[in-house]
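To convert, count from 1 in the sequence shown and add 490; that's my numbering.
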Amino acid sequence: MRSNPTTVGTNTECSSESLSSDRSNRRKSKDTALHYLTKVVTFSEYSELRLYNNDKFDQEKKSYTSADIKFFRAKTALEASRIRRLISKYPLKTGRAVDHAIDLGLIQHEELIGIEHLVSKKAAANLVCERRTHIASVLRAQEIMREEYCNGMDVVLLAKVSILSSSRSAERARIRAVWSLDDGKLAHASCRARFKTCSNPEILPARAA
């Protein structure tokens, strides 16, 4: 029995068109995926590009460098390990052991600022609680603003709430950085007077007069 040549030709053409369409769709899909993977920066029509020379001296004064941060972390880990080893020698609770070590002159109050949570488990728990309280304060402020401003937000007031809530942590971090950079000598006299107000009383007992 002879087959219809016209029908065969039509089927072949349909298969060819289908294969070509499938390849085209695959190519488009691949191009789309590459487009989303490629980072693209766009500028508005009236944008202006300005280039600034980064002065090394000015950059160092603006903020801590990555090398400074690495130095802080390394020194902090070593200091915390040293203090833990010292207080582990005394069969006392962490706070009393620290107080005893301070009385013996083995450690100083300033050395504990900002690393209390690495020395004492109780201080670590207090730090977690402090962070949660900060988050709750900011979220509560946002909730109140949405109610008062019809889902609006006073970003300036919200920033003040956040700064006030995290001021203790920020001050501890600042003094710790100064202490680390100065290798045990505080750069500003105010640091020595203010560090007690931002330190955990459980881990930093007041020194007797």
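Quick reminder that beta carbons are idealized off the backbone N, C-alpha and C, glycines included.
Just so it is clear, the structure is predicted and the values come from calculations on it, not from any experiment.
Query: So for residue 533, helix, strand or coil by DSSP?; Result: coil
Query: For a test of the three-state rule: what should DSSP assign to residue 540, helix, strand or coil?; Result: coil
Query: Confirm, please, whether the CB-CB distance from residue 652 to residue 628 is below 9 Å.; Result: yes
Query: Excluding the 5 residues preceding and the 5 following residue 638 in the sequence, name in chain order all residues of the same chain whose CB lies nearer than 6 Å to its CB.; Result: none
Query: To the nearest whole angstrom, what separates the beta carbons of residue 609 and residue 573, a pair I think is in contact under 8 Å?; Result: 5 Å
Query: So, helix, strand or coil for residue 556, using DSSP?; Result: helix
Query: Residue 663: which of 534, 545, 559 sits nearest, CA to CA?; Result: 559
Query: Suppose you measure from the CA of residue 577 to the CA of residue 611; what does that come to, to the nearest Å?; Result: 13 Å
Query: Return the Cβ separation of residue 569 and residue 625 in integer angstroms, given the expectation that the two are a contact with Cβ distance under 8 Å.; Result: Their Cβ separation, rounded to whole angstroms, is 28 Å, which puts residue 569 and residue 625 out of contact at 8 Å.
Query: Restricting to Cα atoms, I'd like to know which of 579, 603, 607 is closest to residue 594.; Result: 579
Query: Tell me which residue opens and which closes the alpha helix (DSSP H) that residue 655 is part of.; Result: 645 to 655
Query: Residue 642: which of 632, 548, 650 sits nearest, CA to CA?; Result: 632
Query: Decide if residue 588 is buried, meaning its Cβ has at least 16 other Cβ atoms within 10 Å, or exposed.; Result: buried
Query: Quick one: which unbroken alpha helix (DSSP H) runs of 4-plus residues sit fully inside the stretch 584 to 641? Chain order, please.; Result: 584 to 593, 599 to 602, 606 to 609, 611 to 638
Query: I'd like to check one pair, residue 539 with residue 547: are the Cβ atoms closer than 9 Å?; Result: no
Query: Measuring alpha carbon to alpha carbon, tell me which residue in 623, 640, 586, 636 is nearest residue 657.; Result: 623
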